[in-house]
Each structure stands twice: as structure tokens, then as C-alpha cells.
Amino acid sequence: MTPEPLITEPLTADSPTPEPLTAELVTPGAYGPVRRKEDARFIRGKGLFVDDIQLPGMLYGAVLRSPLAHARIVSVDVESALAHPQVEAVITGEMLAARGLAWMPTLSGDVQAVLATDKVRYQGQEIAFVVARDRYSARDALELISVEYEPLPPVVDAQRALDPGAPVVRDDLPGKTDNHIFDWEAGDEAATAAAFAAADVVVTQDMLYPRSHPAPLETCGIVADLDTVSGKLTLWATTQAPHAHRTLYSLVVGIPEHKIRVVSPDVGGGFGNKVPVYPGYICAIVGTMLTGRPVKWMEDRSENLMSTSFARDYHMHGEIAATRDGRILALRARVLGDHGAFNATAQPTKYPAGFFHIFTGSYDLQAAHCQVTAVHTNKAPGGVAYACSFRITEAVYLVERMVDLLARELEMDPAQLRMQNLLRPEQFPYTGPTGWEYDSGEYPRALNLALDMAGYAELRKEQADKRARGEYMGIGLSFFTEGVGAGPRAHMDILGFGMADGADLRVFPTGKAVLAISVQTQGQGHETTFAQIVAQELGLSPDDVDVVHGDTDRTPFGLGTYGSRSTPVSGAAAVVVARKVRERARLVAAAMLEVSADDLDWSDGAWRVRGDPEQSARIPEIAMAAHSSLELPEGVEGHLDAETVYNPPNLTFPFGAYICVTDVDPGTGVVKVRRFIAVDDCGVRINPMIVEGQVHGGLADGVGMALMQVIAFDTDGNCLGGSFMDYLLPTALECPSWELGATVTPSPHHPIGAKGVGESATVGSPAAVVNSVLDALAPFGVRHADMPLTPANVWSAIQGRPLRTDLAVS
Amino acid sequence: MQITVYVNGATCTATVEPRLLLIHFLRDDLRLTGSHWGCDTSNCGACVVWLDDTPVKSCTVLAVMADGRRVLTVEGLEQRGRLDPVQEGFARCHGLQCGFCTPGMMMTARWLLDHHPDPSPQEIREAISGQICRCTGYENIVRSIVWAGQHEAGAHDA
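First to last, the protein sequences are chains S and F. Just so it is clear: in the first sequence, position 412 is 412 by our numbering, and no numbers are missing. In short: position in the second sequence from 1, add 1000, done, that's our numbering.
Written out as C-alpha cells, the structure is:
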């Protein structure tokens, strides 16, 4: 399966062209670009999203939110709202407090207010919840609630959050007198200092990865339905982690876990936004408990952008050390993380800054050290949502900007500098200076392919010609390595839940199968990919395998879909459980064929007698026999069904080489992305069509984050990105026709050599776009400007005054 | 107010509040949940349906404005068990992932192909530029519509 290494020499002008890689992308059997099972319903408008659910007697909830970023609540008067003829209930923080529900745990071990009782800590924070007989009346009744506030000065600028005398956001925490959350570090500080001291060249840069929002097109919502007779609570919710949510609801609300069913029906995009539990969910549960009727709550777009989990907001200081001839020696980073009012990031307990310490990226360094400090501000809580692989996107952005800045300092071509510092294939498995063990990689091959696809040398020539004419085009590179598939349970848990995932596989007498998995799809096509996995292992057609997901009553426990973990963890579970079935089938086949099981080999989708391969049995025949009166061998009770839990031995480490070509109009600051070349290596591709679709979406994310997306605030803490009029997302006109390439370096520890890919392009592409724009602006002496590179920001940068993009300072 | 709307060829008469949005009338009252609500501000286009012969964003159209008029939704694309080429193109070319923007995209695509049978990729991008997809990066949506344009007569059941 492992392809021959192609190019491993540093890039030179006469480097040979890499061989086409088509052949290795084609795996015989059930893998391949098969059409998605999911599509039949979606193209007919027959999907079932949460807001499509309408139950008899269903009520509608709406949330009253704070207009202020920081204020003490003096009083909340709901009397007029309760008098509204369509209103069934109004829930306040005080009512929740009486039930012990005013606060709930976050995924980082902090607590978050469900409905504010003492004060509000960000604009858009939840204060009250109205339950009414229709959608519009619920909204009307919000207007009838009067809240008296005592405004407090807000903490808006993360860089001032630790100033002496700064207002304290979290005075609810006992003894809390400042806005500090944690300090965390990784790597070897002394060795890094020594490497810097010995370096010829040191380059430093401050940079902001601004607050962004994943903004799935479907907002968050829930239908909560308590059966008052059985005591069973059914929740149809926009969740990426139904099992984890069920456990949390049980712990928070006190309903026994087996009396809660969480269904994640069709979900209209997640990107991390639908990992956390939000106050509206708890309120809807309380609503159905109070009224005995189903309660639906769907947030509107402004609520989604202003109150649900944001992403990034990392203020970073990078330092890179190198020799004069371009050997990178060491990397150092100091980070200030803005975590908002409640520390609600979802990440493994051991790693409060996520996997940021993979910030050495794809390079062979001697030493590295990073230090992260997190602070509270009067902004919405969250932190890692948005296809970032637990902060790896911030890490990749930092190192890829630093490498570009170093190239400029050394007057080297950024491709050449990368090529001569990339990890070599023979260094894998590679343990980095901050402790990560990369499983496999052939980095120079991927970069060479990208350079070849781009026609890199010709692009540089075109750039030079254009500059001579006063036209500004940029060529930006990014080479990323991700660690995805969290994770080994000894090292990784969310709130104490180990990150292992279960799979159950049932094979019916006719050989048709149903696989139940703990992860679920928000568009990734699990119903297709996972069917292909099982089909490949059992010699079936993907049409013979149905995949059940997103329903806690029908699937085994697992932590859900995020961090590109479905294929690395749950995909592996599907392989393992299918192989268990296959081994059971071997014993039954031995009885059928009247041979010893040891004399059977699995080939071409059947158990075959060694030396007489025509004597064989396929899964459908074996399944029928396993359910028949055939006398089965000792230890086989019948049937072929199996179950498993997969605890990954390591993360998988997908990687890729990206090149972005931009044209910049210096008169207006408008950036046009002309081309984007993306070579991704995610190991073995089960469904290349779906993989490419995942990459396409992530590349659009990169264009969006680099050029237009930011959730900024004014000095009063007003959110300036509260609608799609203000929070700009890329459309078809801002996106080029993506040019994709692929190499395949299988993961050695994943049972089919696959790696995660869902976030690769989101992680890898922003740096390529930014590097491209700054490359275009080099003749103006522009060294750095922060995302998003809006026309105003680009124009200001050309004038020598790049903007601070996270704050609107009046 | 009482309104009569001809939705996907069926006559629908209902009494509605004057402020009721067309998207909510279609989804909540008529239970045609294929059209989606995504943003409130006419930016995302998940709610695109046809009013008479023109695509509109039904989150910013009142139901009463549709009184006496025809509405075509995604549920009306398939005719007598026969998929519209646009529907087939989206399935063949992986033009959708989560499926949330898809109905709106397909309604715009159908209109485009009715008026410009052989659009260039750039013309397609301009046609769908009032709509947002968060999953596909648009490339496969463009390919889907190109495919549909090339197979207008040859669609069959998928």
C-alpha cells in the first residue's frame, strides 16, 4: 500500500516533475468516488433538520438577551410577558437557581450561566426564556420583559484584560480578583533560548488570529419533549456530539441518563459550532418539564453569531531563529488567548490551549517553546469552534507566517526555504520538540507536486514582469501538518470522557448489514463513507450496508464528530468491528465447508480454502448459515454480529502543500484570489469525491478568514459581526476554481491507513492567502497585516498603517 | 387575512397574520420544509423559492404578498417521479454536503438554466452569488449546474 517515495531532494530549478499519482488513489473494492446515499433526500427537500420537526401541541421558545456587554442585573420583571395570551411560561435565572440550574458546566471545566442571575457578561447573554404557543408570540413577549441594568465598564481588549484595576469579569468565582484563566507552556525553554542565542538570524512578529465564527447555515436549535408518563426526555438537537450531550444533560438536569434520548437529525453544517451545550437547550428542557408539552427553540442568525461558540481570538508573538543559509533552528511563541466571559472551549483536559503546541509545523527544528496565557473578556464564550483541529489552525498560521517572514529576511524564495527545512520521509515516525509523534509523512513530495501544478517558476516570472508594470500579484505558500483523531484516552478526554468511540455491526441472515456508529454527519457523508468501509472489509456492496448515527438510543457511546476525528477514530472502529464479524464468519465458513478455520484465507471478498480457492463462502451465504440450524463450532453461538470500542494509539497526521495566487489592486485594496492549488495527503482515501468536497469547503473558509471574516467589537463591547450584513462570508465570486492534488502516505497505525481530512483545508489555507497578499504588497514595504485583509486594511497597510482588526476604536 | 397561493400546482387557502413571512407559511403552515431559513437578512439564500417566475428570498417576503400568485419550491422540482436535471446534477457532482443551502441553490439554478441554457462557470457563479454555502466552496455546485445544463433533456430517476 505504501507508494514509492518520489522526490526527496531540495527544490532546485531542474527538479524532476513528480509522477502522476492517480494510480495509488484507486483502491480496488468498495472504496472510490461512489455517489452519496444522503443526497436522495436532500435534493428532494426531504431532509429532516431540527426546525423541520413539528410535534402535536408543540410550543416555541425565545431567549431574551442582554444588550449590554457588562452590567449588574438589578431586576427582571416578567409579569407583562406572562400576561400575554399566547405565553405558557417565562423562565428566569432566579427560577433556574431555585432548581440548581442557573449555571451549567462548560467543556473546559468552567461554569457558564444558563440564564443570568447576578450580572450579564457579554452582549447577547441569555437572561430569560419565553415559552409561547407560536414562534411570533414568543418573540413578542420578549418585548414585554423589562430588565433594569446597572452598567459596568467592560473588558473588551484582551491585551488590557490583565491590567491592574481592570474590571473583573468573573466575580462569581470565589476569590477571583483578575481576568486570568491559565498559563500553559510546552517545549524546552532553555534549549530554545540556546538555539536562539546561536542563531545568525532572528525574526519576530506580532500577529492576531482574529475572532471568527463558523456560522453553519443552519443555526443551533432543539426540540425538547418530555413524556410525562414514562419520564423519557427526547431531544432533537443540532449537536455534533449526541452522546456527550446526553450525559451532560443527565448530570445537569438530574434526569437519569437512560431516560434521555438525544437525536441529532440532519444537521445543516457544524464546523465545531454544534459541539457545546448552549443555554437555550437547557431552557427548552426546563420548558418541556414545566409545561408537559414539546418545546422548540431555534436561534436566529444574530443570536448564533453573537452568543454561540466563536473561534480563534489568539494574539500571538512569534520568533524564529535560523542560520544565514536558511536552516531553521528554533521557534518560540507567546500567546494571549481571549476566551470570552466563560471558558467554554472544547478541548482535551490536559491541553487547555488545545494542540497549539504542534506549532513547529512541518519543519525539522532543534528546539521550540510556546507559552499561552488565557484571559476572560466581556465577549461571548467559546474558543475552538471552527474546523481548527483544536487550535492547530492558529499554530499553522503562526509558523507559516514566520517562515515567510524569515524567507523575506534571508532574501530566499519561500518555497526553497520550506523545502530545505521540511521533515524528511526517513525521519518518521518523528517526535517533535514539543512531544508530538507524527505518524507518517512525505512532505517534499507533496510540496513538489503543488509547485509543479502551480507552475511555480513561471508564476514568479509573471510576478516580476507585472511588478515592472506596476501590477501587484502575490504568490503565497503554506505547508501544514495536523494532528487529528483525538485521541488516545490515556492522554485525551473531554470533561473526563475518554475520546474512544464504539461501533456495532449487525449482519442479517441475507447478508445485509447495519452499522451503528457514535459519530454523526453534518454533511461529511458518513452514511456513504462508513458503508464503504464495512463493504470493503466484508466483500459487500456499499448498497448492502446502512449506517445508523446521531441517535443515542440506537448507537453506541462515543464523543462525536469534531476535530476531524470521525475517520481516524470511528472509521477505525468500523474496520475493527467488520473484521470481528469476518473472523466469526471464518469459523462458520469452516463449518460450512467442513475444513479447519486455519485452512481458510480471506481473498476477493470470500473465505476460501487454501489451495482450493473455488471452495469458498461469501458473507451472505455465511450469514444465512450462521442463523440456520447448521452445527456451529465450539464458542460460536450463532449470528455474526459484533461490537467494539476503538481507542486510537495516536493521532493521525495529515498534511498538505497549498499555493495561493492573488491579484491586489493597490488603489482600492481589493484582493482577488486568482488561483488556489491544494495538495492534500490524508492517507488512504475511502471516497475521494467526498474528500475533495471536504477540501473545497475548507479552502473557502481560508479565503473567508484571510479576507473578510471577523467578529470585532467596539469599545463598549458591542458585537460588530452580528449579522450576515456585517459578518461577511465568501460567495462563489470570491472563490476561485480550486485546483486539487493528492499524495497518499498511509497512517501506519490506522487499520486502513486513513487520516482525518475534514479540517485540513481550513487549517492550512488562511496562511497561504495571507502570505500571498503580503507577497503582493512586498514592493510597498508591507511586512505584515492582520486578518482579515479587507480592502480597507490592505489599503491602510499600503499607507504604512495596517489596522487592528479586532477592535473598532473610536 | 385570508390568502390563496398556488404552491407547486396545488391551491392553498389559509388565514394568516399579515406579518407572517412566506418562508414560515411554507414551512410551518404548509409543512413544505425543503426550503430553509438561514439568516433573516436576505444574505444566505437558503430560503429561495420562485414567486410566479422569479426566484425570491422567502425570508423577506410576506405570505400575504404571495396571495393569488404561484410559488414553486424544491418539492415541486421533481415531476411525476422524474428528477429535474438540476437535482440529478447536484447528486452526481457532489454539489451538496449538509444539504441545507441546496434547495435554494437548486431553485436559482433552475431559473438560470431556463433563461441561459448554456451558462459559463462565471455566469453560474454570478447567478448564485446572492447565496451562501458553508460546505462546498462552490466548485461542485458550479459543476452540478454545468452538468444539468448539459443534460436538460436526458434526466432520469436517480
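Where is the CB? At the ideal position from N, CA and C, for every residue including glycine. All of these numbers come straight from a predicted model, not from anything done at the bench.
Between the alpha carbons of F/G1095 and S/R36 lies a distance of about 11 Å. Distance between S/Y149 and S/D716, taken at the CA atoms: about 15 Å. Think of a sphere of 7 Å around the beta carbon of F/F1025: no beta carbon from chain S falls inside it, the nearest being about 12 Å out. Note on geometry: alpha-carbon atoms of S/P210 and S/G270 lie some 20 Å from one another. Burial of S/S389 is indicated by the presence of at least 16 other C-beta atoms within 10 angstroms of its C-beta. Of all residues in the segment 719–732 of chain S, the ones placed with a Cβ closer than 7 Å to any Cβ belonging to chain F are S723, F724, M725, L729, T731 and A732, in chain order. With the rule of 3 Cβ pairs closer than 8 Å, the segment 365–373 of chain S counts as touching the segment 186–195 of chain S. Burial is judged here by how many other beta carbons sit within 10 angstroms of a residue's own beta carbon; S/P174 has fewer than 16 and is exposed. Taking S/L405 as reference, the option from S/I320, S/A374 and S/W602 with the minimal CA-CA separation is S/I320. Boundaries of the alpha helix (DSSP H) harbouring S/A767: S760 to A776, taken from the DSSP string. Residues of the segment 1118–1129 of chain F that bring their beta carbon within less than 8 Å of a beta carbon in chain S comprise P1121, I1124, R1125, E1126, I1128 and S1129, in sequence order.
Selection S/I533, S/A712, S/C682 and S/Y60 evaluated against S/S564 yields S/C682 as nearest (Cα-Cα). Here the C-alpha atom of S/V744 lies approximately 21 Å from the C-alpha atom of S/A573. Within chain F, the residues H1036, G1038, C1039, C1044, A1046, C1098, F1100, C1101, I1132, C1133, R1134 and C1135 have their CB atoms less than 9 Å from the CB of S/L217, given in chain order. In this structure S/W436 touches S/G483 by the C-beta definition: roughly 6 Å separates them, less than 8 Å. Here S/E614 is exposed, its C-beta having fewer than 16 other C-beta atoms within 10 Å. Under the Cβ distance rule, F/A1091 counts among the residues neighbouring chain S, one pair being separated by less than 8 Å. Shown here, S/V253 sits in a helix according to DSSP, grouped into three states. Residue environment: S/M725 is assigned as exposed (fewer than 16 neighbouring CB atoms within 10 Å of its CB, all protein chains considered). Annotation for S/G693: the continuous alpha helix (DSSP H) segment containing it runs P688 to L707.
Chain F places no beta carbon closer than 8 Å to that of S/A574, leaving this residue out of the contacts. In the structure shown, S/P613 adopts extended strand secondary structure according to DSSP, grouped into three states. In terms of beta-carbon proximity, F/V1061 stays away from the interface with chain S, with every pair separated by 8 Å or more.
Put simply, the CB of F/T1073 is near chain S, with a gap under 8 Å to one of its CB atoms. Remark: C-beta atoms of S/A241 and S/V275 approach each other more closely than 8 Å. Within the model, the alpha-carbon separation for S/L505 versus S/N343 is close to 38 Å.
Following the DSSP letters along the chain, one finds S/S302 inside the alpha helix (DSSP H) bounded by residues R301 to S307.
The three-state reading of DSSP puts S/L142 in helix, counting H, G and I together.
Setting aside the 5 residues that flank it on each side, S/Q366 is surrounded in the same chain by A191, A195, L329, A330 and P433, each with a C-beta closer than 8 Å to its C-beta; the list follows chain order.
Scanning S/L733, S/R610, S/P746 and S/I711 for the CA closest to the CA of S/S302 turns up S/I711. Spanning the alpha carbons of S/S628 and S/R584 requires a straight line of approximately 15 Å. Put simply, of S/D364, S/V396 and S/M104 the residue whose alpha carbon is nearest the alpha carbon of S/F428 is S/D364. C-alpha of F/G1099 to C-alpha of F/S1035: approximately 11 Å in a straight line. Shown in chain order are the members of the segment 263–281 of chain S whose Cβ falls below 9 Å from a Cβ of chain F: D266, V267, G268, G269, G270 and F271. Of the residues assessed, F/R1110 falls on the buried side of the cut-off, its CB having 16 or more other CB atoms within 10 angstroms. One finds R44 in chain S with Cβ atoms closer than 8 Å to the Cβ of F/E1078, taken in chain order.
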